[in-house]
Amino acid sequence: MNLLEDQWIPVKTRQGEEKFISAYEIVQADIISLNAPRADFNAALMQFLIGLIQTVYAPDDEVNWEDLYEEPPTESQLKECFEKIKEAFYLDGDGYRFMQDNSIQQQDKLKPIEDIIFGAPGDSAKDKNKDHFVKQNDINGLCLPCAALAIMTTNTFADNGGSGYFESMRGNGFVSTLVHLNTFDDFSLWRNIWINILTIDTFHKNKNLDKFFWTSSIPDDDTRRKELSEKIKFLDDEIKNTTDKEKIKELKTTQRSIQNSRKDITGIYQENANSLQVYWAWMRRLFLNISDYNNEICSVCNTHNVAVKGVYKTNKGYNYPKSDWKHPFSPYKKAVSGDYEGKFLALEMTTKGLPYIYWSHFTEQNENQYPALVITKHFKNDLFKNEQLTIWSFGYAMDKNSTLGWYESKTPLYLIANIDNKKLFESEVDKYIASSNKITDSYLVNSIKFAWFDEKKEKNKDKKTAFSNDKTTEISKSFWNNTESKFYELLKKLYQLLEQDKLNEEEKLKLKEEWYRHIKQETIALFNYWAFKSSIQTNPKRISLAYNNLMKNLNSNALKHITLGLPKENDDE
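The working numbering puts the sequence shown at residues 1092 to 1664.
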């Protein structure tokens, strides 16, 4: 089975038909979306297809990009491009296989196929009977298409799996953001892929042309050390034989990177690797144990016959240091503490999911954060001036190698080319988000906690800790859910006023007052709902005191004036 030739990609058409296509058929206008049997499979497959097109069909410039958006290549043109790399995309067979290592076929390394399914329990979880999304032994076998999707997913979202099982180049549990079309008449699978494609000059030329590491044997530790030493000696000779100061500086920088990598002989560094590795990073050393299982049906898609029940698996794959690589699909944020303090890391997914409070992380750039490259490339694109784009965000929340949850959302992307207008828009939106955070981080949660417990009583210590662990995020989520539609409604009004050159101080004040009234109303409603849900005896006096304190905070200048920017009043927090 070849992933570039065979019809294995699950899709939906505009007419509602579900079918399987080959990679070069993604240009068909009636295909509107992927249709994998799991959300994480869909996300991994989309990233695979974007990487595939970026590798073989990247546009020369923005004009070429716009031409191919309007008029995609033909199936035969795409198929011809795939010919150049198809040897790297065989899923089975005797030669090198897609993202597999045929050197590890040892019986003691054979694991059940569910070992490469995210959310399936590991050995420790099984022993303790702690299953997450997939109950143990629920996945007995996979068909070849689902096995391909599982391999893509386990590499794309690679977790911190223990010694030699390295996490992805974006870390352990990260947020991805892709651009997505929102108009049914206009969007197609091709356009939603192409809208995330970057021009060819985005990726620097590098002497190391190797994009698909699985097409050669993984060297052992001694061989890796020898290769690194030879590279350093070669660079020494290059430095001695040149007088160009800039060239010497470049060579010494590369040399330092390699010297550092000797400490981590499995390390792949962006400075001396093909930049397209962002799409083809290969962390997991796996080999599918493919066989014929007659009439058994795939445990995931329930469509095709089972072909894989086991997988060979071992450690010491390649390591892509997360502080070194910058992936075009993820927003980045500067670490403020810990081992990576001061370095930019991919935005981490948490069990909060993806509420609107993350909108600024997806779209705003400042000294502490910047959006995904596929987002920022569109801000000056006139092609979408009159179209509504969305941001498709998704990812796993992780605790080391345990999956805590899969989250995804669609949020509007407003393209504002004028820098001053963009800053004005973002400044106003930031105030809405800050006021929401102030309520969930302090006012609402603390008031409910006080309504439930006497803060001064030591006997409630354990219950208060349990409240903080179990209820804080749940209460916050209920607030975000209840205020989300109003948030996006006001964003749209704000954008329309800005585009019409009508966003004056009076209009800004009206919108902020509308937001304030809404969040105050929802906060009171949620307090009334949660205050009486305590598992201990209800205390009306304590609830009344908690409510009065909440109202004081909601009416305070700290929220209304300092955070939201409403006119200052005499009352204070």
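Think of the CB as a built atom: it goes at the ideal place given N, C-alpha and C, for glycine as much as any other residue.
If we count the other Cβ atoms within 10 Å of its Cβ and call it buried at 16 or more, is residue i buried or exposed?
i	result
D1383	exposed
D1473	exposed
V1427	exposed
V1465	buried
Q1098	exposed
R1376	buried
S1527	buried
L1600	exposed
K1404	buried
E1458	exposed
I1482	buried
E1455	buried
E1613	buried
G1264	buried
T1146	buried
G1255	exposed
S1070	Absent from the structure is residue 1070, since the part of the chain shown begins at 1092 and ends at 1664.
S1421	buried
E1664	Per-residue confidence for E1664 stands at a pLDDT of 45, beneath the threshold of 50, marking its modelled position as unreliable; the derived number appears in the next sentence. Counting Cβ neighbours within 10 Å, E1664 comes out exposed, since fewer than 16 surround it.
G1142	buried
P1310	exposed
D1250	buried
K1110	exposed
Could you compute how far the alpha carbon of residue i sits from the alpha carbon of residue j?
i	j	result
Y1487	T1564	17 Å
F1435	S1259	15 Å
K1202	N1246	17 Å
S1124	L1269	14 Å
L1515	D1277	30 Å
A1364	I1323	15 Å
W1543	H1609	25 Å
L1177	I1288	Per the sequence shown, residue 1177 should be read as Lys rather than Leu. Cα to Cα, K1177 sits roughly 20 Å from I1288.
Q1227	D1327	Annotation note: pLDDT 48 at Q1227 (below 50); position unreliable, coordinate value reported separately. Q1227 and D1327: Cα-Cα distance of roughly 54 Å.
E1605	L1645	14 Å
K1407	F1139	23 Å
I1204	N1380	9 Å
K1584	E1597	14 Å
G1358	L1319	11 Å
G1210	F1485	15 Å
F1541	E1157	57 Å
N1155	Y1534	52 Å
D1185	F1294	33 Å
T1104	A1120	9 Å
K1529	N1640	15 Å
K1425	K1338	30 Å
W1668	L1272	Given that the chain is displayed from residue 1092 to residue 1664, the structure contains no residue 1668 and the question cannot be resolved.
Have a look at the DSSP bridge pairing and note the partners of residue i.
i	result
P1101	F1111
I1122	T1104
T1564	BP columns for T1564 are empty, so no partner.
F1435	K1425
W1408	Residue 1408 is actually Gly in this sequence, not Trp. Note: G1408 sits in no beta bridge, so no partner.
E1499	F1485
P1203	G1401
G1358	N1410
L1269	W1483
S1259	G1262
F1703	A query on residue 1703 cannot be resolved here, the shown segment of the chain reaching from 1092 to 1664 and no further.
I1388	N1396
D1076	This structure does not reach residue 1076, given that the chain is present from 1092 up to 1664, and the question cannot be answered.
F1378	Y1403
N1365	According to DSSP, which records beta bridges pairwise, N1365 is partnered with nothing at all.
L1504	L1480
L1233	V1399
N1528	BP columns for N1528 are empty, so no partner.
Give the list of continuous alpha helix (DSSP H) stretches no shorter than 4 residues that lie fully inside the segment 1450-1484. Counting only runs of 4 or more, we get 1450-1454 and 1464-1467.
Decide if the segment 1228-1248 is in contact with the segment 1389-1408; the criterion is three or more beta carbon pairs, one per stretch, under 8 Å apart. Yes: the two stretches touch, three or more of their Cβ pairs being nearer than 8 Å.
Using 8 Å as the threshold, is the segment 1279-1287 in touch with the segment 1166-1184, meaning 3 or more CB pairs across them? By the criterion of at least three beta-carbon pairs nearer than 8 Å, the segment 1279-1287 is not in contact with the segment 1166-1184.
Unbroken stretches of the alpha helix (DSSP H), 4 residues or longer, contained in the segment 1116-1187: Here the runs fully enclosed are 1130-1148, 1153-1161 and 1166-1174.
Touching by the beta-carbon criterion (3+ pairs, under 8 Å), the segment 1566-1574 and the segment 1612-1624: As far as the Cβ criterion goes, the segment 1566-1574 touches the segment 1612-1624, which means the pair count is three or higher.
Between the segment 1503-1513 and the segment 1577-1597, can you find at least three pairs of beta-carbon atoms closer than 8 Å? With the cut-off at 8 Å, the segment 1577-1597 and the segment 1503-1513 touch.
Return the chain-ordered ranges of every alpha helix (DSSP H) run that is complete within the segment 1559-1603 and spans a minimum of 4 residues. Counting only runs that start and end inside the segment 1559-1603, the alpha helix (DSSP H) elements of at least 4 residues fall at 1563-1590.
Does the count of Cβ pairs from the segment 1522-1537 and the segment 1648-1656 closer than 8 Å reach three? Taking 8 Å as the limit for Cβ pairs, the verdict is that the segment 1648-1656 does touch the segment 1522-1537.
For the segment 1364-1373 against the segment 1409-1419, do three or more pairs of beta-carbon atoms, one drawn from each stretch, fall closer than 8 Å, so that the two count as touching? Touching, per the Cβ criterion.
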